[in-house]
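Asks: Protein chains in written order, with the working numbering: chain A, 8 to 465; chain B, 9 to 250.
#1: Determine the contact status of residue 105 of chain A and residue 54 of chain A, defining contact as a CB-CB distance below 8 Å.
#2: With 16 other CB atoms within 10 Å as the buried threshold, where does residue 155 of chain A fall?
#3: Buried or exposed: residue 245 of chain B, going by 16 or more other Cβ atoms within 10 Å of its Cβ?
#4: Could you give the uninterrupted runs of the alpha helix (DSSP H) lying entirely in the stretch 23-69 of chain A, keeping only those of 4 residues or more?
#5: What separation, rounded to the nearest whole angstrom, lies between the Cα atoms of residue 302 of chain A and residue 296 of chain A?
#6: Spell out whether any CB of chain B is found under 8 Å from the CB atom of residue 219 of chain A.
#7: Does any CB atom of chain A fall closer than 8 Å to the CB of residue 59 of chain B?
#8: Residues in the stretch 357-371 of chain A with C-beta within 8 Å of chain B's C-beta atoms, listed in sequence order?
#9: Please report the straight-line C-alpha distance between residue 176 of chain A and residue 244 of chain A, rounded to a whole angstrom.
#10: Under the assumption that residue 421 of chain A contacts residue 358 of chain A (Cβ atoms under 8 Å), give the Cβ distance between them as a whole number of angstroms.
#11: Starting from the beta carbon of residue 170 of chain B, find every residue of chain A whose beta carbon is closer than 7 Å, and list them in chain order.
#12: Would residue 137 of chain A pass as a contact of residue 59 of chain A if the rule is Cβ separation under 8 Å?
#13: Mapping the DSSP letters down to three states, classify residue 258 of chain A as helix, strand or coil.
#14: Please identify, using Cβ separations under 9 Å, the residues of the stretch 151-166 of chain A that lie next to chain B, in order along the chain.
#15: I need the straight-line Cα distance from residue 65 of chain A to residue 141 of chain A, nearest angstrom please.
#16: Thinking C-alpha only, which one of B:48, B:175, B:198 and B:68 is nearest residue 114 of chain B?
#17: Identify, in the order they occur along the chain, each residue of the same chain with its Cβ nearer than 6 Å to the Cβ of residue 456 of chain A, setting aside the five sequence neighbours on each side.
#18: Any C-beta of chain B within less than 9 Å: which residues of the stretch 370-387 of chain A qualify?
#19: In the DSSP output, which residue or residues are listed as bridge partners for residue 353 of chain A?
#20: Check residue 457 of chain A in the structure and name its three-state DSSP category.
#21: Could you tell me how far apart the beta carbons of residue 250 of chain B and residue 150 of chain A are, in whole angstroms, since I believe they sit closer than 8 Å?
#22: In the DSSP output, what is residue 325 of chain A paired with across the bridge?
#23: With distance defined between alpha-carbon atoms, name the residue in A:46, A:393 and A:414 nearest to residue 20 of chain A.
#24: Output needed for residue 152 of chain A: all residues of its chain with C-beta closer than 7 Å, excluding positions within five of it in sequence on either side, in chain order.
#25: Tell me, please, whether the CB atom of residue 12 of chain A is closer than 8 Å to any CB atom in chain B?
#26: Report all residues from its chain with a CB closer than 6 Å to the CB of residue 365 of chain A; omit the five preceding and five following residues, and keep chain order.
#27: Is it right to say residue 75 of chain B is buried, meaning 16 or more other beta carbons lie within 10 angstroms of its own, or is it exposed?
#28: For the alpha helix (DSSP H) holding residue 150 of chain A, just list the boundary residues, first then last.
#29: Taking only three categories from DSSP, how would you classify residue 314 of chain A?
Shown next as structure tokens:
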């Protein structure tokens with residue numbers, strides 16, 4: 008009976024793919040939604056590649072997956088992925104549906120699956136990743152994820168015993184997941200920019216996981232990411248098998264050391280967040296058996312996804328798109344820190360409002376008080392335009408962060424925000440937008456271009 | 009004025025500590041004393057003007073209960089004698105009789121209030137909150153957010169902090185939100201309650217912290233955001249449960 012139900016679900020899902028193509032709809036999750044609706048155990052029965060590599064964590068998993076997928080493509084390796092769908096059960100089901108014939112015969116030997124960390128209870132009963140990379144575990148959506156300790160507990164409870172973990176050793180929450188599983192760690196050695204005391208509002212690893220004493224950090228990068236030790240019981244961050252160091256932002260390279268030596272790899276972006284992403288991908292490919300030379304070759308052939316960070320020159324101005332996942336305080340803090348540290352004068356448009364929430368209820372703004380808006384209180388940030396449904400909350404939060412009145416502009420509607428820009432010559436304009444406002448951000452950027460053209464270059 | 013913050017190293021989720029930051033902005037002369045798990049609390053030897061504790065993780069609750077257990081009698085004395093407490097989110101559960109997950113008892117609480125916290129391990133309850141605070145001469149509208157793994161059960165009919173208009177009280181069957189015993193104010197509303205509710209904050213500073221007629225920090229900006237939120241939350245078209 009279950010098998011009959013499964014095949015009905017599979018065929019209905021396959022037909023929905025054809026229907027979506029004919030009607031030119033994206034609907035990347037829709038086939039999976041259909042399949043799961045008809046057969047809730049669909050993931051149990053659908054044929055899957057023999058080897059599944061998983062990538063999860065709070066931030067950077069999409070970037071890591073995109074890098075890995077591009078590298079597999081550059082290597083000519085046929086690997087099923089879920090980059091066109093979501094990372095929850097319906098999106099992953101859609102990928103598996105795409106990977107099988109109508110008779111449920113799997114066409115792939117391998118898959119690289121981005122996995123939403125909150126969804127593991129409905130995924131891991133049905134497939135076992137051979138390797139699971141966990142990039143980090145930090146605060147995310149308050150409503151969905153609660154706090155990282157909860158997600159860590161969830162991952163530990165659901166983790167298949169056979170899965171080998173590839174963990175960020177500089178993240179004591181991620182590195183303590185499923186302690187009985189086989190594991191290897193990656194990380195970054197002490198950097199010049201590291202500190203010993205946390206300057207962020209969020210630090211979810213302030214006490215020793217063994218004895219509860221206050222932890223110390225030899226090298227703290229941001230939040231709880233760094234090399235920690237406990238002065239009371241001797242507990243310390245794990246030793247990393249793969250460790251990035253000697254970051255050269257001029258030549259955009261990073262060295263990664265291993266037991267048998269080091270190798271230099273290309274960086275795609277100089278933010279520490281992205282250095283971790285590259286070190287993570289290098290570690291993953293080393294675990295898959297690739298040589299260092301081949302990984303370096305493959306990395307040199309790819310580009311970072313443009314929708315997340317890209318810039319364009321318009322006359323005397325640089326317009327930068329800066330995605331900052333909505334309702335994610337840590338992601339916002341990292342983006343604020345990175346942008347505020349960039350050279351030159353700048354203006355910002357803050358429009359990371361969660362538009363989905365605005366339609367149905369009202370966005371929970373508690374995350375604003377976990378995010379380091381204090382980074383935006385800098386001399387070279389001349390004007391911050393707050394806009395959208397939560398503009399008044401951004402305004403208040405910036406005031407609490409000490410930003411002076413004459414550096415904050417309030418504009419109700421996003422598309423009008425460019426009118427409030429001061430447009431001083433040679434400055435950069437950063438547009439911070441959320442995951443559900445990509446189209447709106449593109450239109451705001453068009454309006455910035457118009458504004459520049461109308462006012463003429465000063 | 010002394011404000012004691014209990015265990016900021018673990019009781020710091022969801023922007024809760026901005027309650028204290030905001031009080032400090034409003035009352036620059038106030039001294040904030042951060043008490044860590046291993047410290048002797050300030051309240052053990054004197055009465056602070058306010059004791060604040062915020063939301064923590066589930067393991068954080070257990071640690072906080074362990075750390076406060078030896079001061080249980082002193083805490084009771086403080087509550088009975090009218091020391092101000094403001095406890096937000098699941099920090100409130102630490103003062104209850106016990107915490108239960110599913111059908112299993114996780115731990116005893118401090119047992120200072122006759123309530124039981126019951127949670128589900130993997131389920132999250134999210135809602136907006138709109139209620140009233142009875143400030144004597146007037147009712148003050150309260151807005152906020154709830155994001156919890158469970159609820160509290162017990163009789164708070166005579167010790168309700170906020171009267172709910174929309175959203176849940178201590179649990180879905182209860183319209184009273186939070187608890188109020190003398191000057192112990194506990195609420196499941198998470199995050200920067202005082203920043204989001206400037207009218208309540210002004211009342212609290214003037215009437216509980218006895219700081220006289222104060223102009224609260226960034227009053228105009230805070231009131232603008234507050235008024236918009238009250239309007240949104242009062243709109244019957246605004247959904248309340250995530």
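Note that beta-carbon positions come from the ideal geometry of N, C-alpha and C, so glycine has one too.
Replies: By the coordinates alone:
#1: no
#2: buried
#3: With fewer than 16 Cβ atoms within 10 Å of its Cβ, residue 245 of chain B is classed as exposed.
#4: Taking 4 residues as the shortest admissible run, the stretch 23-69 of chain A contains the following complete alpha helix (DSSP H) segments, listed from N- to C-terminal end: 37-45 and 49-52.
#5: 10 Å
#6: yes
#7: Look at residue 59 of chain B: its C-beta is not under 8 Å from any C-beta on chain A.
#8: Under the 8 Å Cβ criterion, the stretch 357-371 of chain A contributes 367, 368, 369 and 371.
#9: C-alpha separation (whole angstroms): 7 Å.
#10: 5 Å
#11: The contacting residues do not exist; residue 170 of chain B stays about 17 Å from chain A at best.
#12: yes
#13: coil
#14: Taking 9 Å as the upper bound on Cβ-Cβ separation, chain B lies near residues 151, 152, 153, 154, 155, 156, 157, 160, 161 and 164 of the stretch 151-166 of chain A.
#15: 8 Å
#16: Residue B:68 holds the alpha-carbon nearest to the alpha-carbon of residue 114 of chain B among B:48, B:175, B:198 and B:68.
#17: 321, listed in sequence order.
#18: 371, 372, 373, 374, 375, 376, 377 and 378
#19: A:388 and A:435
#20: helix
#21: 5 Å
#22: A:320 and A:435
#23: Ranked by how close their Cα comes to the Cα of residue 20 of chain A, the residues A:46, A:393 and A:414 have A:46 in first place.
#24: 125 and 158
#25: no
#26: 396
#27: buried
#28: 149-152
#29: Low per-residue confidence applies at residue 314 of chain A: pLDDT is 46, beneath 50, and the placement is therefore not dependable, though the value from the model is reported in the following sentence. Note: residue 314 of chain A maps to coil in three-state DSSP.
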